[in-house]
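The structure appears right after this line, and notes come after that.
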Amino acid sequence: MTDFGLYGPGSVTWKVHDEPILFVAGLRALILQSLHPRAIAGVAQNSDYKSRPAHRLEQTSDYVITMIYGTTPEAQRAAARVRGIHSRMRAHDLFTGEEFRLDEPELLRWVHVTEVESFLTVARRAGVRLTDAEADRYFDEQRRGAALLGLDPETVPGSVAEVERYYADMQPRLAMTKEAADTLFFLTWPPMPFKLGWTPVRAAYLGVASLAIGLLPAWARRFYGLPGIEAADPAASLSARMLRLSLLAFPWALVRTPMYKAAMKRVEDAGLKI
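Residue numbering for the sequence shown is 1 to 274, as defined by the UniProt record's numbering.
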């Protein structure tokens, strides 16, 4: 029997993650994650993302692609590597000075939820047609990846309504810290490689970063001291739709990753269609 991994053809996950605009979702998730004081402390005190942003982005992208399109053993090995890294890392609370582990369930859950919610939200607001039932299914499917990271799936929101309640419950624990502000600035204005700092590439990236911020929940924008009026949401959605249409004109088959191509080959060999 063909091993399609954690999800496979017919899953909402494959439908959502076939969209190139999800790179905007990755940036949105990082900005949102930074509002959790312990989450951003863990990153700031253990990561070299500022000195090697491209390396960090590549690692994260490889992990997500492996979890989505890899075989079950490949996904298990990728998750085991991440668990091993997190289990060895410690950081100090910004407010109490208390030392904590980076694999605390609350932190793992926060990173997981903000990531998958960002993927789904950006896809829907960019025009990917998903029913409410499919949106719920996506969150439920993503519990499989959360379980591999060491979370009890029953403690992970598995529907749109559960994610909304989770965010409402988490907001009293969030804060606009110096580290969060620093991360927002870095993600909006990072160093450009290959001396591209004062070229149209900078302007294009700034547009993408602005879109990621515009697609944040209104309550998250307010934490950052930005306009949190929901009347601005339609403009961000329109920009996302326009970007998606532009991206779809690119021949993405030429730059698909080996992991994605291997998954599609398994589908073809099984005589299935997506």
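Even for Gly, the Cβ is constructed at its ideal location relative to N, Cα and C.
In the three-state scheme derived from DSSP, where H, G and I count as helix and E and B as strand, residue 95 is classed as coil.
Contact annotation: residue 94 and residue 172 have beta-carbon atoms that are not nearer than 8 angstroms.
Taking C-beta atoms under 8 angstroms as the contact rule, residue 155 and residue 109 qualify, at a distance of about 7 angstroms. The alpha-carbon of residue 256 is positioned some 10 angstroms away from that of residue 262. Nearest neighbour of residue 18 by Cα position, chosen from 100, 252 and 265, turns out to be 252. Residue 100 is bridged by DSSP to 91. Ranked by how close their Cα comes to the Cα of residue 128, the residues 12, 273 and 271 have 12 in first place. Judged by DSSP in its simplified three-state form, residue 169 adopts helix. The alpha carbon of residue 181 has as its nearest neighbour, out of 20, 243, 166 and 222, the alpha carbon of 222.
Pairwise C-beta distances place the segment 53–65 out of contact with the segment 209–221, as fewer than three of them are shorter than 8 angstroms. Annotation for residue 218: 228 and 230 place their beta carbon closer than 6 angstroms to its own, counting only its chain and skipping 5 residues before and after. A check of alpha carbon separations from residue 190 across 51, 90, 269 and 270 identifies 51 as the nearest. Residue 192 is classed as exposed because its beta carbon has fewer than 16 other beta carbons within 10 Å across all chains shown. Proximity to residue 247 across 20, 9 and 174 peaks at 20, based on C-alpha coordinates. For the set 104, 274 and 23, the Cα lying nearest the Cα of residue 88 is the one of 104. Its Cα nearest to that of residue 203, the residue 188 stands out among 188, 27 and 167. Residue 92 is positioned such that its CB atom lies no closer than 8 angstroms to that of residue 146.
Contact between residue 242 and residue 65 is absent: CB atoms are separated by about 26 angstroms, not below the 8 angstroms threshold. The beta carbons of residue 24 and residue 163 sit no closer together than 8 angstroms. Going by DSSP, residue 200 is part of the alpha helix (DSSP H) stretching over 200–214. Ranking 183, 106, 266 and 137 by CA distance to the CA of residue 43 puts 183 first. Of the residues 40, 120 and 69, the one whose Cα lies closest to the Cα of residue 100 is 40. DSSP places residue 51 outside both helix and strand once states are collapsed to three, so it counts as coil.
Its Cα nearest to that of residue 142, the residue 119 stands out among 200, 119, 220 and 71.
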